[in-house]
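Engineer: Input: one structure, supplied below.
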Amino acid sequence: MPEEKKYTAEQEQIARFAKAMGHPARVAILEFLAKQSCCFFGDIHEELPIAKATVSQHLKELKDAGLIQGSIEPPKVKYCINRENWAVARILLHNFFSVCTDKNGCCE
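Take a look at the structure:
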């Protein structure tokens, strides 16, 4: 039986972050939250051209990936960037995109 190849923890984390950012609405949500000086209380759907239910689904994906954090404080919900994971994502994605440079002679 062939040996099962496994992905590294870094590869899995990069994929998790990339999947969460794989929709323009999620990128817009991240950009919006990143520009806030503090956690955002309010209806994010008012800032985006999508329905409230759709925003909730996107927020869930971003929260599950650890890129944002949120808590319910009735009647409002508070969301903000998860600064710790944001820093991890920045480093992982920077390192990932730095692998192929002009020095590598990639498909010229």
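Heads up: the sequence shown runs through residues 731 to 838, numbered per the numbering used here.
The beta carbon of each residue, even a glycine, is placed where N, CA and C say it ideally should be.
(1) Do Arg746 and Ala795 have their beta-carbon atoms positioned less than 7 Å apart in this structure?
(2) Quick check on the DSSP output: the alpha helix (DSSP H) that includes Glu742 runs from which residue to which?
(3) One question on the structure: do Tyr839 and Ile802 come within less than 7 Å of each other, judged by their Cβ atoms?
(4) Can you tell me which of His753, Glu776, Glu742, Ala764 puts its alpha carbon nearest to the alpha carbon of Glu814?
(5) Spell out the partners DSSP gives Phe770 in its beta bridges.
(6) Checking contacts by CB at 7 Å: is Ala739 closer than that to chain D?
(7) Let me know the secondary structure DSSP gives Lys777 once reduced to three states.
(8) So Gly800 and Leu789 are in contact, right, with Cβ under 8 Å, and what is the actual spacing, rounded?
(9) So, using beta-carbon positions, are Glu791 and Ala819 closer together than 7 Å?
(10) Would you identify the three-state DSSP class for Glu761, choosing helix, strand or coil?
(11) Drop a sphere of 10 angstroms on the beta-carbon of Ile821, count the other beta-carbons inside from all chains shown, and report buried for 16 or more, exposed for fewer.
Structural biologist: So, to answer that:
(1) yes
(2) 739–750
(3) An answer regarding residue 839 cannot be provided, because it is not within the stretch 731 to 838 covered by the chain.
(4) Checking every option, the nearest Cα to that of Glu814 belongs to Ala764.
(5) Tyr809
(6) Annotation note: the requested chain D is absent from the structure, which comprises a single protein chain.
(7) One point to set straight first is that residue 777 is Glu, not Lys, in the sequence displayed. If DSSP states are grouped into helix, strand and coil, Glu777 belongs with coil.
(8) 7 Å
(9) In this structure, Ala819 does not lie closer than 7 Å to Glu791 by Cβ.
(10) helix
(11) exposed
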